[in-house]
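> Counting from -6, one number per residue, gives the positions in the sequence shown under our numbering. Virtual Cβ for every residue (Gly too), placed ideally from N, Cα, C. Quantities reported herein were computed from a predicted structural model and do not represent experimental measurements. Have a look at the structure that comes next, please.
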Amino acid sequence: CDRKVTQEQMTMLGDAMTKFGLKLFQEVKLKREEPNVIVSPLSIALGLSQLALGAENTTETLLLDTLHVRSLNCFHNVLKTVLKELTETATTAVTRIYMKKGFEAKNKFIKESEKFYGTKPATLGGDQGDNMKAINKWVEEKTKGKIKEFLLEIPDNLVLLLLNAIHFKGLWKIKFDPSQTKLDTFYINNETYINTDMMTSSTLPLSIITDENWLAQVGRFSFKGNISLIVIVPYNRKLNASIFQDLNVTDLYNKLPKEKPIFVKLPKFKLDFSLELSKVLSALGLEELFKNPNFGKITDEPIFVSNVQHKSTLELQEDGAEAAAATSITMSRSFVGFHVNSPFFFLLMDDNSGVPLFLGSVTNPNPEAKVLASPKLSETLESQKMKKYGFDPK
């Protein structure tokens, strides 16, 4: 498996990670009633893949099936290659296995973990406070200070802890002008709204479509390093999970037209999301990991996963690789725009492989802001808006 990874293998990995990610996101949404949800299929898959290196028989099969990669040859090497390309941009992703004192990892597993995932499994000491400090220090160092205080506590009955963390702060291909960022309205639903910082550009190159099945507008923003942010904004201001159930990312990419400069509004936000994943992963069919797995390639001792800790952080600010070119102002005089001023789904994708770094939904980009009551929308204004996009509001 040391041969050069092909584009076909990377695309297969992207399709597999997307299937895994969409199921994962739906389970997380069921378990957490919060205004904003973000998960990283890439980060969580890294942790599960490292476990798969040490798994045997049905446990290994279960892990590879859940990740949809059983038919992908040299899977660990393909994942390593994609991760290496991503970490050359703005992504920092780490994964590590911690085991209770008294468990020794086998040499082959240690070497393969280091080869494919860049980390050795670690053994915890006897003092939980010291363990927590050591884990938090390791995560902070590995993420260059981007993720601090990863853990707030360690469960007393811990046997094996699977840790994964990811941080992304990308540079837009064309940056937003900070002087154009202004306080503006974001509708939480049809009854309430907040005021929040909204990045604005009258000439941002963007690829947009209207999807009549979803009754939503879809836009694709470009980051430096072949990363795309795909944003789906339903017209009724409701995040219907069926959108993600029907989502085929390859089809969506193919539908999106060439970029053209249009008027864009996008809220600034920073999402920090922490989650213990054992219930979510059990719902995806991985109960065996937490009960009676076979990790014979890790250790000869009977061992099971007691905790899966995940943290994702994502920042969207004005920072870009370059300023908008003056020539892009020669735009058509149509007033079509892409205003992200109501709840939206988003996917942050690696364009080369199709691997999703993040999937999420935002209902309130500024939870600290005061929630205000919306004035009743004028029927005529609403009708005009819907007609503009080709829908009958009724």
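#1: Quickly, what does DSSP pair ARG213 with across the bridge? List them, please.
#2: Rounding to the nearest angstrom, what Cα-Cα distance links ASN157 and SER106 in this structure?
#3: Could you check if LYS168 is buried or exposed, using at least 16 other CB atoms within 10 Å of its CB as the buried criterion?
#4: Looking only at its chain, what residues have a beta carbon closer than 6 Å to the beta carbon of VAL87, apart from the 5 residues adjacent to it on each side?
#5: Would you mind reading off the limits of the alpha helix (DSSP H) that contains ILE103?
#6: For VAL226, is the classification buried or exposed, using 16 other Cβ atoms within 10 angstroms of its Cβ as the cut-off for buried?
#7: Quick one: Cα of LYS272 to Cα of LEU72, how far?
#8: Taking the alpha helix (DSSP H) that SER42 falls in, what are its first and last residues?
#9: Can you tell me the Cα-Cα spacing of ARG326 and TRP207, whole angstroms?
#10: State the start and end residues of the unbroken beta strand (DSSP E) segment that holds GLU308.
#11: Comparing alpha-carbon positions, which option in LYS261, LEU270, PHE351 and GLY218 lies nearest LEU155?
#12: On the DSSP bridge list, what partners appear for THR193?
#13: Exposed or buried, GLN2, counting other C-beta atoms within 10 Å across all chains shown (16 or more means buried)?
#14: What's the C-alpha gap between ASP8 and SER215?
#15: Identify every run of the beta strand (DSSP E) within the stretch 118 to 199, keeping only runs that are complete inside it and at least 3 residues long; order them along the chain.
#16: Taking all protein chains shown into account, decide if GLN43 is buried (16 or more other Cβ within 10 angstroms of its Cβ) or exposed.
#17: Evaluate GLU26 with the Cβ neighbour count: other Cβ atoms within 10 Å of its Cβ, from every protein chain shown; 16 or more gives buried, anything less gives exposed.
#18: Straight-line CA distance for PHE262 to THR306?
#19: I'd like to know whether the C-beta atoms of PHE109 and LEU350 end up nearer to each other than 8 Å.
#20: Along the chain, where does the alpha helix (DSSP H) containing TYR246 start, and where does it finish?
#21: Would you mind working out which of THR185, LEU76 and HIS332 sits nearest ARG213, comparing C-alpha positions?
#22: Which residues bound the alpha helix (DSSP H) around VAL75?
#23: Of all the options ILE296, SER267, SER33 and ALA83, which has the alpha carbon lying nearest to the alpha carbon of ILE90?
#24: Could you check whether ALA362 and THR185 sit closer than 8 Å to each other, using their CB atoms as the reference points?
#25: Can you tell me the Cβ-Cβ gap for HIS61 and LYS12, rounded? I've got them flagged as a contact below 8 Å.
#26: What is the rounded straight-line gap between the Cα of ALA319 and the Cα of ALA115?
#27: Less than 8 Å between the CB atoms is what I'm expecting for THR189 and PRO260, so what's the real figure, rounded?
#28: ALA86 lies in the beta strand (DSSP E); which residues open and close that run?
#29: Going by beta carbon distance, what residues of the same chain come within less than 7 Å of ALA45, once the five residues before and after it are set aside?
#30: What does a CB cutoff of less than 6 Å around PRO286 pick up in its chain, not counting 5 residues either side in sequence?
#31: Where does LYS113 fall in DSSP's three states?
#32: The beta strand (DSSP E) that contains LEU341, what's its start and end?
#33: Within its chain, find whatever has a CB closer than 7 Å to the CB of GLY119; leave out the 5 residues flanking it on each side and keep chain order.
#34: Go through its chain and collect everything with a Cβ distance to LEU268's Cβ below 6 Å, but skip five positions before and after it.
#35: Closest to MET342 by CA distance: which of THR84, THR(-1), VAL30 and GLY47 is it?
#36: In angstroms, rounded to a whole number, what distance separates the CA positions of LYS(-3) and LEU6?
Looking at the atomic coordinates:
#1: DSSP lists SER200 and ILE223 as the beta-bridge partner residues of ARG213.
#2: One C-alpha to the other measures close to 14 Å.
#3: Buried, because 16 or more other Cβ atoms sit within 10 Å of the Cβ of LYS168.
#4: Here the set comprises LYS135 and ALA158.
#5: 100 to 110 is the extent of the alpha helix (DSSP H) around ILE103.
#6: VAL226 should be labelled buried.
#7: Near 25 Å, if we compare the C-alpha coordinates of LEU72 and LYS272.
#8: Run containing SER42: 34 to 46, per the alpha helix (DSSP H) assignment.
#9: Its pLDDT being 37, under 50, ARG326 is placed unreliably by the model, and nothing is read from it.
#10: In the DSSP assignment, GLU308 falls within the beta strand (DSSP E) that extends over 300 to 309.
#11: Ranking LYS261, LEU270, PHE351 and GLY218 by Cα distance to LEU155 puts LEU270 first.
#12: Beta-bridge pairing links THR193 to LYS258.
#13: Buried: at least 16 other Cβ atoms inside 10 Å.
#14: Distance between the alpha carbons of ASP8 and SER215: 20 Å.
#15: Entirely contained in the stretch 118 to 199, the beta strand (DSSP E) runs reaching 3 residues are, in chain order, 153 to 161 and 175 to 180.
#16: Under the 10 Å beta carbon count, GLN43 is surrounded by 16 or more other beta carbons and is classified as buried.
#17: With fewer than 16 neighbouring CB atoms inside 10 Å of its own CB, GLU26 falls in the exposed class.
#18: Taking the straight line from one Cα to the other gives about 11 Å.
#19: For PHE109 and LEU350, no; Cβs fall outside 8 Å.
#20: Following the DSSP letters along the chain, one finds TYR246 inside the alpha helix (DSSP H) bounded by residues 242 to 248.
#21: ARG213 has its Cα closest to that of HIS332, out of THR185, LEU76 and HIS332.
#22: Its alpha helix (DSSP H) spans residues 68 to 80.
#23: Among ILE296, SER267, SER33 and ALA83, the Cα nearest to that of ILE90 is on ILE296.
#24: It is not a contact, given that the beta carbons lie outside the stated cut-off.
#25: Taking the Cβ atoms as the reference, HIS61 lies roughly 5 Å from LYS12, within the contact range of under 8 Å.
#26: Model confidence at ALA319 stands at a pLDDT of 32, short of 50, so the residue's coordinates are unreliable and nothing is read from them.
#27: Between PRO260 and THR189 the Cβ distance is about 5 Å, and since that is below 8 Å, they are a contact.
#28: Note, ALA86: beta strand (DSSP E), 84 to 92.
#29: Cβ within range, chain order: GLU53, LEU56 and LEU57.
#30: Taking C-beta separations shorter than 6 Å and ignoring five residues to either side along the sequence, the partners of PRO286 in its chain run THR52 and PHE297, following chain order.
#31: In the displayed model, LYS113 falls within coil according to three-state DSSP, outside both helix and strand.
#32: Segment 337 to 343, the beta strand (DSSP E) holding LEU341.
#33: Non-local beta-carbon contacts of GLY119 in its own chain, meaning distances under 7 Å to residues more than five positions away in sequence, involve LYS94 in chain order.
#34: Answer for LEU268: HIS303, listed in chain order.
#35: Looking at THR84, THR(-1), VAL30 and GLY47, the one whose alpha-carbon comes closest to that of MET342 is THR84.
#36: Inter-residue distance for LYS(-3) and LEU6 is about 15 Å (C-alpha atoms, whole angstroms).
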